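Numbers 44 to 281, taken from the numbering used here, label the letters of the sequence shown in order. Beneath this line is the structure, given in structure tokens, with notes to follow.
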Amino acid sequence: MFPPFSKQPPPENTQNSSLNICCNDDYLDLLFGASLPLDQVCYAFAYGSGAIPQKGENQKEKMVDFILVCNNSMLFHQKNQLWNPAHYSLPWRLLKTERLINNLYWFQRDGFLFPKGAKLFYNTLIPSRGRLIKYGVIDTEDFEADLLDWPKLYIAGRLHKPVLNVLVWPNDQNLGQEPNRPIWQAINDNRWMAVQAALLLLPEKFSVKEFLHKIVGLSYKGDVRMGWAEDSRKLINW
44 MFPPFSKQPP PENTQNSSLN ICCNDDYLDL LFGASLPLDQ VCYAFAYGSG
94 AIPQKGENQK EKMVDFILVC NNSMLFHQKN QLWNPAHYSL PWRLLKTERL
144 INNLYWFQRD GFLFPKGAKL FYNTLIPSRG RLIKYGVIDT EDFEADLLDW
194 PKLYIAGRLH KPVLNVLVWP NDQNLGQEPN RPIWQAINDN RWMAVQAALL
244 LLPEKFSVKE FLHKIVGLSY KGDVRMGWAE DSRKLINW
């Protein structure tokens, strides 16, 4: 059996008092507005055109995408299902709580959910503070593995591009306003690997713009949504 949790999220000022905020408060406020169990999240970032302005687009009309990294995503889903059952699609809500959590965790970590193999569970079209958000939940172990080994280049590819650090829980290894050392080291290593890969793919002479486009383009080459669910002009807009 799972340990009991309160069915109501704590007041927002209680949540906020223990967080080390890493970026614009507006994006953290969107997570608070969705009443997510942020005490289970060790690192969160916002990405995509809803967080990073792009040429010719109205950012305020865009859904904001988040990745939430959890040391134990099962506990996150356990709390979140109690606090926010409407965040989950109907098939998941029809399952009893313990079976729901076990199945969510199994489907997420075994890579059966879209994007296949990325080991993320997404809830989407969640209203918060007058905007819509989408958040993906991933275990720290899977997050670091994708950054360092590139098995799917999904998380790794997102962190080749600009993102907004939103929060990190303070702990003994906290480095000021950055994620804790293991996660931050993995993020840095992933970016250095992208630099090296881009250099291998470029000709002997190239411009800074060509170099940056090559790095950003690495993740799009492996994105199965490109061409039908993603805008192929995004690369030009960076």
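Even glycine gets a Cβ: it sits at the ideal position worked out from N, Cα and C. Computed from a predicted structure; not experimentally measured.
Below 8 Å on the Cβ atoms is my contact criterion, and I expect residue i with residue j to pass it. Report the Cβ-Cβ distance as a whole number of Å.
i: Val206; j: Phe119; result: Contact doesn't hold; Cβ gap of about 20 Å is too wide.
i: Asn115; j: Gln83; result: 7 Å
i: Tyr86; j: Ile226; result: 5 Å
i: Val112; j: Gly93; result: Contact doesn't hold; Cβ gap of about 19 Å is too wide.
i: Ala229; j: Leu196; result: Incorrect: roughly 14 Å between the Cβ atoms, too far for contact.
Taking only three categories from DSSP, how would you classify residue i?
i: Ser262; result: helix
i: Asn166; result: strand
i: Leu242; result: helix
i: Leu138; result: coil
i: Ala237; result: helix
i: Asp182; result: strand
i: Ile198; result: helix
i: Leu125; result: helix
i: Leu79; result: coil
i: Ile95; result: coil
i: Ser171; result: strand
i: Lys204; result: coil
i: Tyr148; result: helix
i: Trp227; result: helix
i: Phe249; result: coil
Considering only the beta carbon of each residue, do residue i and residue j sit closer than 9 Å?
i: Leu138; j: Asn146; result: yes
i: Arg234; j: Ile110; result: no
i: Lys204; j: Ser250; result: no
i: Trp175; j: Asn123; result: Reading off the sequence shown, one finds Leu at residue 175, where the question assumed Trp. No, these two residues do not count as a Cβ contact at 9 Å.
i: Leu81; j: Phe75; result: yes
Within the same chain, show all residues whose beta-carbon is closer than 7 Å to that of residue i, passing over the 5 residues directly before and after it, in chain order.
i: Pro170; result: none
i: Pro167; result: Residue identity differs from the one stated: residue 167 is Thr in this sequence, not Pro. These residues qualify, in order along the chain: Lys177.
i: Ala237; result: His203, Ile258 and Leu261
By Cβ distance below 8 Å, which residues in the same chain neighbour residue i in space, the five residues on each side in sequence not counted?
i: Leu245; result: Glu253, Phe254 and Lys257
i: Asp215; result: Interpretation of Asp215 is limited by its pLDDT of 41, a score under 50 that renders its predicted location unreliable; no figure is taken from the coordinates.
What residues are listed by DSSP as bridge partners for residue i?
i: Leu73; result: DSSP output for Leu73 lists no bridge partner at all.
i: Ala87; result: Leu111 and Leu210
i: Ile176; result: Val107 and Ile169
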